[in-house]
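Undergrad: Protein chains in written order, with the numbering used here: chain A, -8 to 441; chain B, 3 to 334. Glycine residues also receive a C-beta, built at the ideal position from the N, C-alpha and C atoms. Source: prediction; values computed, not measured. Here it is, the structure in full.
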C-alpha cells in the first residue's frame, strides 16, 4: 500500500455523504428574478452602475469594483433592473443587491463568446491575464471569495514557484468541484495554464483527494493528451482523504511539505492556491470574455429523493433551487448554505447564491440539533483533531474566563475555523463558537493597541 | 410556499457519533475479558465483588448528583461510574468482605470524583483513590490473596492465604526464591493462573481489552507502551546488575497490576495529560516510579501509587508540554 501525502497535524474523517457524486451538472430552469448582491467578495462592496428600470444584457457590468480589494459584478442574465434592494445574505445581514426581472430572450453583452468550443490558444501575457481576471469579477469560488486578481498580483520583490490548484473538496456532501473536474477538465487545464502564466511559475499541482479516483484518472489522461505546455509542468496529485485538506495551509503542506508560518500567507512559502472552479472561471474570463456570472451548486441531503448538481446563475434565490428539486424534503429542520463543516444555517430561503456558494444541504430533524452539552472529560479528541496544533479545550476555558492575553498567547488567531474540534467533542461542547468569540475579541484588542 | 421552522446554529453542522457514553461503555466492554479471567481464576466471588462495586459506585454517583447537589451535569447513564466500579473491584482481592468494597466505592465516587465536581474534574483516578483508601483502612483483607484454582469456580468461600503474590514472592523472598526456581512461569502470568487482585489474573485478558480501545481510537498507544517501557527499563537495569537478586523485566511486566494499570489507568482521559508528548512523559515517569516502588519501596506493588503520584503532575505537564503548533517551526 502506497502512502498518499496529507497534512501533518490533526484532521478528522467526517462521513463523506457525497450523494450527488454521480450526478452530471445540469442547467437550472431559468429563475424569474435574480438578486445580485454587490458584496459577494471579501473587501469593499462594488458600486452599482445601473438604475431602476434599466435593461441589462447577460454579462453586462452592473456594479464596479471600488478600491483595491473589491470585485466587479455582472448581470448573470438579461432582463430589467427592478430595483436596488437590501436582501439578507447567508449570515442574515441585509446587503444591497440589484434585483433583475429576467427577460424571456437572453441576449449577451457583445464580445462574450458563449460557444462551447474550447479556446486553448493563450495569447494574453501575465498582466493581461490579471487584468482580464479583474474585469471578469473573478473571486475565490471555493468559498473564501477573495478577489482573484488581487491574489495574483504578486508584490514587487516577492517570488512564487508553485501554483496549487485546489480540487480537494473536503467538505462532506459537496460535489460541485468533483463534477467540474470530470466535465470541464480541458477548461480547467487552460485556466491553470493562465494562472501559471499570470504568476510566472513553471510548476502547478492539482491536489485531489483519493475519494475521487475518477477525477484523478480523468485529469491525468486529459493532461497527457493536451500537453506538453509552454508554461511548464502540471501534475495531478492524489491525497489521502482527511478533513480539512482543502484548507490552504493544509493543502500546501500536503503537496509541498512547506509550512506557512503563523500569521503569514502562502506567498511567504512561494505558493499561491486557487480553487478548480476559480481556475475554470478564469478560463472563461480570459479566453471567452465571459465574466463570473454562474457557478455550480450542489443541492443535496439525505432526505432528498434526488440530489442534483446545478449550473446556477449568480443571484438565484435558494427558493428557486428548492423548487427545482421538488421542495424541501419532509422532516427537514435545517438548511445549510455551503458545506456542513463551515457553511451557514439559513434563516430563510430568499438568500441568493453568490460567487462563493457551493451547496445547499437539507438536514433532517434527527441531525439538525446539537447534542446536549456535557462537561469536558479531557479526552483530548479536540487536541488530536486540530489541524493547527491548538488546544481547543483550553481556548474554550480561557475565553469563558475572559483571559484574553492568554487566549492570544495560545494562538487563537491561528485557528482556521474548520470545526474539527466541535465535530470531535464527545460532550458536544461549543468549542469553535467560543474560539471564534476569542478571535474577534483578540482582533479588537490588537486594533485598540495599535 | 410555507417555510418549515428552521434550526439556526453556528457551524459545524456535523458531529461525530462518539459521545461520552460511547467511550465509557467501550471501556466497560474492554474490561470484560479481564473480568472473565478473574472469574476463571478466582471463582464466582470475583463477579459478585465486581457487581457490588459497580452498584455502589452508580448509587453513590446518583445520590450525590441528584440528591445532594441536584445537578444534571453528571448523567449516571454515561457509564463512567460503572468503569470506576469495575476498575476498583479489579484492584482488590476476590475474598474482600463486601462491606469493604462498598466503602471503597463510596470513597472513590463520593470523595475522589464528585467532591471535585464530577466527571472530567477529578485530578486523581477515582478507582485508585478508592483502592489506596482501602489498602490503608483494611490492610489485612486487602492483602489476603485467594489461591487461584478453577475447582472452586462456583464456591462462595475462597481459600484465602496471606500472601504470596508473584510480586511479594520476589519482594520478600529475594535471591532465595529467584534461585529456587519456584516463581510462576511467564505463561502462567500471561494467561492467568496466579494469585493477586481480580483484574490482575491474566495479562492476556487485559491486553485484549487494551487493544480493543486502541482500535476504537479511545487511547493512544504511547500511554501504555511508555509506561511499560519505564517499568521494564528500571527493573531491567537492576536485573542486569544483579540477576540473582532481582526478577527480570518480563516478569515485572506480566506480574501484578502493571498491565491493568498501563492499559486502563495510565490511559484514563480525565487524569492524564492532553498532548501526546505529555502522555509520553506522564506514562514513562509513572513506569519508572512503579519500578522504584516495587524494587526499593515498602510495598511489593507500586502501580497504583505510581499513577496517583503522576496524576498530581498533570497540570504542570499540560502547561509545559503542548502539541506542536502549525506554523511555528519544528518537526512533524
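In its own chain, which residues sit with a C-beta less than 7 Å from the C-beta of residue 288(A), not counting the 5 before and 5 after it?
TA: 167, 301, 303, 312, 344, 348, 349, 350 and 351
Undergrad: Measuring CA to CA, which of 82(A), 51(A), 118(A) and 78(A) is closest to residue 97(A)?
TA: Check the Cα spacing between residue 97(A) and each of 82(A), 51(A), 118(A) and 78(A): the tightest is with 51(A).
Undergrad: What first and last residue would you give for the alpha helix (DSSP H) that runs through residue 141(A)?
TA: 139 to 142
Undergrad: When DSSP labels each residue in this structure, what does residue 0(A) get in the three-state scheme?
TA: coil
Undergrad: Within 10 angstroms of its Cβ, does residue 223(B) collect 16 or more other Cβ (buried), or is it exposed?
TA: exposed
Undergrad: So, with DSSP's three-state summary, where would you put residue 350(A)?
TA: Look at residue 350(A) here: in three-state DSSP terms it is strand.
Undergrad: Compare the C-alpha of residue 418(A) against each of 25(B), 115(B), 6(B) and 300(B) and name the closest.
TA: 25(B)
Undergrad: Could you work out which residues of chain B lie near residue 368(A), taking near to mean beta carbons separated by less than 7 Å?
TA: The contact set of residue 368(A) on chain B, defined by CB atoms closer than 7 Å, consists of 22, 121, 122, 271 and 272 in chain order.
Undergrad: Residue 404(A): which of 388(A), 374(A), 169(A) and 437(A) sits nearest, CA to CA?
TA: 437(A)
Undergrad: Give the C-beta separation of residue 308(A) and residue 340(A) to the nearest angstrom, bearing in mind that I take them to be a contact with Cβ-Cβ under 8 Å.
TA: Going by Cβ atoms, the distance from residue 308(A) to residue 340(A) rounds to 7 Å, so yes, they are a contact pair.
Undergrad: Less than 8 Å separating the beta-carbons of residue 246(A) and residue 182(A)?
TA: no
Undergrad: Enumerate, from N- to C-terminal direction, the unbroken beta strand (DSSP E) stretches of 3 or more residues contained entirely within the stretch -3 to 41 of chain A.
TA: Fully enclosed beta strand (DSSP E) runs of 3 or longer: 16 to 18 and 24 to 28.
Undergrad: Taking the alpha carbon of residue 2(B) as the reference point, which residue from 60(B), 240(B) and 213(B) has its own alpha carbon closest?
TA: The displayed coordinates of chain B run from 3 to 334. Any statement about residue 2(B) would go beyond what the structure contains.
Undergrad: Keeping to the same chain, check which residues put their C-beta closer than 7 Å to that of residue 20(B); ignore five residues upstream and five downstream.
TA: none
Undergrad: Report the residue ranges of all beta strand (DSSP E) runs contained in full by the stretch 194 to 265 of chain A; include only those spanning at least 3 residues, in chain order.
TA: Segments of the beta strand (DSSP E) lying fully in the stretch 194 to 265 of chain A: 194 to 200 and 224 to 230.
Undergrad: In the stretch 223 to 247 of chain A, which residues sit with their C-beta less than 9 Å from some C-beta in chain B, listed in chain order?
TA: 240, 241 and 244
Undergrad: Based on the DSSP output, what are the partners of residue 292(A) in its beta bridges?
TA: 353(A)
Undergrad: Beta-carbon within less than 6 Å of residue 33(A)'s beta-carbon, same chain only, minus the 5 sequence neighbours each way: which residues are those?
TA: These residues qualify, in order along the chain: 136 and 137.
Undergrad: Check the Cβ-Cβ distances between residue 69(B) and every residue of chain A, and say whether any is below 8 Å.
TA: no
Undergrad: Can you name, in chain order, every residue of its own chain whose Cβ lies under 8 Å from the Cβ of residue 124(A), other than the five neighbours on each side?
TA: Scanning its chain for C-beta atoms nearer than 8 Å, with the 5 sequence neighbours on each side dropped, one finds around residue 124(A) the residues 139, 140, 143, 189, 273, 276 and 277, in chain order.
Undergrad: CA-CA distance, residue 361(A) and residue 440(A)?
TA: Distance between the alpha carbons of residue 361(A) and residue 440(A): 37 Å.
Undergrad: Run through chain A and tell me which residues come within less than 7 Å of residue 16(B), C-beta to C-beta.
TA: 5, 163, 331, 332 and 414
Undergrad: For residue 335(A), which residues of its own chain have a beta-carbon under 8 Å away from its beta-carbon, when the five flanking residues on both sides are left out?
TA: Within the same chain, residue 335(A) has close Cβ partners 81, 82, 327, 328 and 329.
Undergrad: For residue 153(B), is the classification buried or exposed, using 16 other Cβ atoms within 10 angstroms of its Cβ as the cut-off for buried?
TA: Low confidence applies to residue 153(B): its pLDDT is 49, below 50, so where it sits in the model is not reliable enough to give any reading.
Undergrad: Can you give, in chain order, each stretch of the alpha helix (DSSP H) that sits fully within the stretch 59 to 127 of chain A and has at least 4 residues?
TA: 117 to 126
Undergrad: Tell me, please, which residues DSSP counts as bridged to residue 326(A).
TA: Residue 326(A) pairs with 353(A).
Undergrad: Quick check on residue 328(B): buried or exposed, where buried means 16 or more other Cβ atoms within 10 Å of its Cβ?
TA: buried
Undergrad: For residue 58(A), I'd like the list of residues in its chain whose CB is within less than 6 Å of its CB, leaving aside the five on either flank, ordered along the chain.
TA: 35
Undergrad: Can you list the residues of chain B that residue 338(A) reaches, using a CB-CB cut of under 7 Å?
TA: 8 and 10
Undergrad: Any idea what DSSP makes of residue 336(A), helix, strand or coil?
TA: strand
Undergrad: Among 106(A), 38(A) and 102(A), which residue has its Cα nearest to the Cα of residue 75(A)?
TA: 38(A)
Undergrad: Beta-carbon separation of residue 305(A) and residue 146(A) under 8 Å?
TA: In this structure, residue 146(A) does not lie closer than 8 Å to residue 305(A) by Cβ.
Undergrad: For residue 330(B), return the contacting residues in chain A, with the cut-off set at a CB-CB distance below 9 Å.
TA: 250, 252, 253, 380, 402 and 405
Undergrad: Under a Cβ-count criterion, where at least 16 other Cβ atoms within 10 Å of its own Cβ denotes burial, should residue 147(B) be classed as buried or exposed?
TA: Counting C-beta atoms within 10 angstroms of its own C-beta, residue 147(B) has 16 or more neighbours from the protein chains shown and is therefore classed as buried.
Undergrad: Please name the residue in 392(A), 40(A), 196(A) and 48(A) whose C-alpha comes closest to that of residue 56(A).
TA: The candidate whose alpha carbon is nearest that of residue 56(A) is 40(A).
Undergrad: State the Cα-Cα distance for the pair residue 167(B) and residue 95(B), rounded to the nearest angstrom.
TA: 11 Å
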